[in-house]
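Chains as they are written, first to last, in the numbering used here: chain A, 7 to 409; chain B, 7 to 409.
These notes concern the structure reproduced below.
There are 2 protein chains.
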Amino acid sequence: MKIIDGGVCSVEGVLASGSRNGKYGVGIIFNENSTAAAVFTSNKVVAAPIIFSKKSIENGSISAIVTNSGNANCFTGEKGLQDSFLMAKMVSEYLKIDSDEVVVGSTGVIGREMPINIIISLIENALKTLENSSDGSKRAAEAIMTTDTYSKEFAVKTTLKNGNIVKIGGITKGSGMIAPNMGTMLAYITTDVDASPEELQKSLKEAVDQSFNMLVVDGDESTNDMVVIMANGRSGKIDENFQEALNFLCRELAKMMAKDGEGATKLIEVEIKNAQSAKDAQLAAKAVVKSPLVKTAIFGGDPNWGRIVAAVGYSGANINEKIISVSLKALDEDHPSKTEVKIVDKGSVKAYENTKELSDAESIMKNKDIKITVDIGLGSSTATAYGCDLSYDYVKINAEYTT
Amino acid sequence: MKIIDGGVCSVEGVLASGSRNGKYGVGIIFNENSTAAAVFTSNKVVAAPIIFSKKSIENGSISAIVTNSGNANCFTGEKGLQDSFLMAKMVSEYLKIDSDEVVVGSTGVIGREMPINIIISLIENALKTLENSSDGSKRAAEAIMTTDTYSKEFAVKTTLKNGNIVKIGGITKGSGMIAPNMGTMLAYITTDVDASPEELQKSLKEAVDQSFNMLVVDGDESTNDMVVIMANGRSGKIDENFQEALNFLCRELAKMMAKDGEGATKLIEVEIKNAQSAKDAQLAAKAVVKSPLVKTAIFGGDPNWGRIVAAVGYSGANINEKIISVSLKALDEDHPSKTEVKIVDKGSVKAYENTKELSDAESIMKNKDIKITVDIGLGSSTATAYGCDLSYDYVKINAEYTT
């Protein structure tokens, strides 16, 4: 497996582009006659584009994705559904495909009518500039940003068991409202693997469960999330090597989102080891990464393991505080020491005041990429969750969002 | 029912006092030979004083509560249990009661050894100054504060059905780590009602379920919470009038905690009306009051009803977005207009840009005490949750807590 450039356009035949006008943007991806699979928000309030796109995905085959930023087109009634349809129709007419081959995404403020004239002219611009190039992918990624501070693209290639090279490219946007079941996050993945809709859905679900679904920025779940994969079948048949590459790509995209969480200054990875069940491991990992007290402690550079243990304690996972261990590690590439420091060892605190463990832990906490490992010691299940710290800027961004 | 002065000492025969030394404090309440009931944290990591106090409560009768602030005595092993026992022993010897008639509480940093010598001298000071007076209750309330910015006391009297006057007094401390199942919150209630341990437990649970358990500051649950009630039986038999007064007292104490949540600038009350079940109403109320996006919007004075509806949508409660209504109201006593403004009416948004509803809603949001009402319209169940906004100061307080 190798990391490559080009985002969604790393895959041959994929065209992409985007256009922005102030806080509004439109990104388009074209991957003709693709097998499609998707994971949608579980919020019971569902935005118009999600209602529209579920139908397109049900057909098992799509050719294009059009996404606007700046307005979520949620809680917008019949007019909202018409706007989603209009977006799909414009794209389908230009690309000479059916409108039910189009997936529509929207992200931004909830409950405001779509500024449809602005969106229409952005769609026109984006359609005219579609191309199979790194620039095209980047324009699409930039066009769908809301409070993201940078665009997010990733691509890999790997060799299938039959010897074929397969490519997978993705773009995403975060970055608030990201929760265990996904927030206002959109992730679009292109590939040239050959798969049936069912195979692709199963594969996507496995990847999403260990990446986007283990990502927490603020615990809110959006009405607009989706992850969509389009596979044009030009390479070989889907297999384990593809799955490994897709899992990796989704984890990397999720980490990018965590790192760019609203106001984030640090990336937090929480690995739970030796839990009694996979569910316990996931519950505990998410509870730690979601805890406002852990998040603020990490923002302050404070190795407050007590808050970590307390979060594991209320997570619902089965634990025995007498055998639990907690370690910290810096994952920053430029950090001189990659040593893991055990601050709680089988229920016994090592990082008391004036210990080497405490000063080592404090030094680790000064880094930008912090890994917390909790060994529960009751079984053999593992899970990793991704998140970010809680800073003054998170408050600033969200207190002033709609004004 | 009437609000009275005196906190826990409003009840005849109750002695209280407290003593502080920098960040450490000790509060003591003496209510000899009381029937006891309590609700404890559900965190699986349990602090030493909770382990100790559960045994005292199991006897059904206690005489005193001793509480230190500044150190949670949690994750402190065998030494922690010894320290809790020592605190109880000092109090029992001075007051000539058994040590298992004492409840021990601790609040503060987790995982640090108790500064037991400081605590011992604070216990001595508090014991020497015990008295049945407003001052005594206030000293106890002040001594158990951690990040609280003011002490919290409340007392009421009411007439039982048999004509007896009964009094109920309480002190509490918050103010972070307050969650649906209670955070580092301690609430101590005295009364002269006459009740069996079972009657008192049932009565306390009813009151806690609609007050402290509906209170969310940051969603973290502490290892040290408890609510304890001591009833000395000098007044008449427990009845519905007592229950009504206890419910009211607990709600008022919970609101004081919400208002003094870490960094809070505003009190938020969320009432869910006409939910399909009580559980749905509770889930939806807690989801809204817990949402970081709602909390930051309220901090910023932004009537972002979209975030309110989104939180109801992911709460797990059954809803139909086409019939949901959302209203805002200012509860500030000095606010000129107490009018409720409907910003979403049966699924249709009223507070669009340039509407009177939006400017009214913006004016409401400038107040300190905001009530959000969501009418789900699917049934007849109601629940109210209490919380606060999320401000820069929450981040500041928690980023720098242990340093």
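Even for Gly, the Cβ is constructed at its ideal location relative to N, Cα and C.
Contact criterion: CB-CB distance below 8 Å. Does residue 398/A meet it with respect to chain B?
yes
Can you name the residues of chain B whose CB is closer than 9 Å to the CB of residue 325/A?
Going along chain B in sequence order, the residues near residue 325/A (Cβ under 9 Å) are 50 and 51.
Could you give the distance in angstroms between the alpha-carbon of residue 218/A and the alpha-carbon of residue 354/A?
34 Å
Is the distance from the Cβ of residue 178/B to the Cβ of residue 263/B below 8 Å?
yes
Relative to the alpha-carbon of residue 50/A, which residue among 290/B, 116/B and 304/B has its alpha-carbon at the smallest distance?
290/B
Which residues bound the beta strand (DSSP E) around residue 128/B?
Run containing residue 128/B: none in the beta strand (DSSP E); it sits in the alpha helix (DSSP H), 122-134.
Kindly list the residues whose CB is nearer than 8 Å to the CB of residue 100/B, restricted to its own chain and excluding five residues on each side of it in sequence; keep chain order.
133
Quick check: the Cα distance between residue 234/A and residue 97/A, rounded to an integer number of angstroms?
For residue 234/A and residue 97/A, the distance between alpha carbons rounds to 17 Å.
Looking only at DSSP bridge pairs, what is residue 159/A linked to?
Note: residue 159/A sits in a beta bridge opposite 177/A.
Tell me the rounded alpha-carbon separation between residue 68/B and residue 29/B.
28 Å
Taking Cβ-Cβ distances shorter than 9 Å, what residues in chain A pair up with residue 116/B?
310, 311, 312, 313, 315 and 316
For a test of the three-state rule: what should DSSP assign to residue 184/B, helix, strand or coil?
With a pLDDT of 43 at residue 184/B, under the threshold of 50, the predicted position of this residue should be treated as unreliable, though the coordinate-derived value follows. Three-state result, residue 184/B: coil.
Within 10 angstroms of its Cβ, does residue 64/B collect 16 or more other Cβ (buried), or is it exposed?
Around the beta-carbon of residue 64/B, fewer than 16 other beta-carbon atoms lie within 10 Å, marking it exposed.
If you reduce the DSSP assignment to three classes, tell me which class residue 103/A lands in.
coil
Nearest chain B C-beta to residue 416/A closer than 8 Å, yes or no?
Outside the displayed range of chain A (7 to 409) lies residue 416/A, so it cannot be described from this structure.
Determine the chain B residues that contact residue 302/A at a beta-carbon separation under 7 Å, and present them in chain order.
401, 404 and 405
With a Cβ-Cβ cutoff of 8 Å, do residue 216/B and residue 257/B count as a contact?
yes
If we cut at 8 Å on Cβ distances, does residue 355/B have a partner in chain A?
yes
Starting from residue 256/B, find everything on chain A with Cβ-Cβ shorter than 7 Å and list it in chain order.
Neighbours of residue 256/B on chain A: none; closest Cβ ~22 Å, over 7 Å.
Between the alpha carbons of residue 17/B and residue 36/B, how many angstroms are there, rounded?
11 Å
Comparing alpha-carbon positions, which option in 402/A, 371/A, 352/A and 395/A lies nearest residue 380/A?
When C-alpha distances from residue 380/A are compared across 402/A, 371/A, 352/A and 395/A, the shortest belongs to 352/A.
Using 8 Å as the cut-off, can you tell me whether the segment 277-284 of chain A makes contact with the segment 370-388 of chain A, which would need three or more C-beta pairs spanning the two stretches below that distance?
yes
Quick one: using the 10 Å Cβ neighbour count with 16 as the cut-off for buried, is residue 232/B buried or exposed?
buried
Is the CB of residue 80/A under 8 Å away from at least one CB in chain B?
yes
Applying the 10 Å Cβ sphere with the 16-neighbour rule, what's the burial state of residue 169/B?
exposed
Taking the alpha-carbon of residue 156/A as reference, which of 135/A, 180/A and 75/A has the nearest alpha-carbon?
180/A
For the segment 161-175 of chain B and the segment 9-25 of chain B, state whether three or more C-beta atom pairs, one from each stretch, are separated by less than 8 Å.
With the cut-off at 8 Å, the segment 161-175 of chain B and the segment 9-25 of chain B touch.
Look up residue 339/B in the DSSP assignment and say whether it is helix, strand or coil.
coil
If you draw a straight line from the C-alpha of residue 199/A to the C-alpha of residue 243/A, how long is it?
Taking the straight line from one Cα to the other gives about 6 Å.
Between 302/B, 392/B, 58/B and 238/B, which lies nearest to residue 41/B when the distance is taken from Cα to Cα?
Nearest of 302/B, 392/B, 58/B and 238/B to residue 41/B, Cα basis: 238/B.
Suppose the cutoff is 7 Å on Cβ atoms and the five residues either side in sequence are ignored; what does the same chain contact list for residue 265/A look like?
273 and 394
If you check the beta carbons only, do residue 25/B and residue 136/B fall under 8 Å apart?
no
Could you tell me which chain B residues have their CB closer than 9 Å to the CB of residue 128/A, listed as they occur along the chain?
Correct list: empty, because the minimum Cβ distance to chain B is about 21 Å.
Would you mind reading off the limits of the alpha helix (DSSP H) that contains residue 261/A?
246-265
Output, in chain order, the set of chain A residues within a Cβ distance shorter than 8 Å of residue 210/B.
By Cβ distance, chain A contributes nothing, its closest Cβ being about 21 Å from residue 210/B, past 8 Å.
Rounded to a whole number of angstroms, what is the C-alpha to C-alpha distance between residue 122/A and residue 61/A?
22 Å
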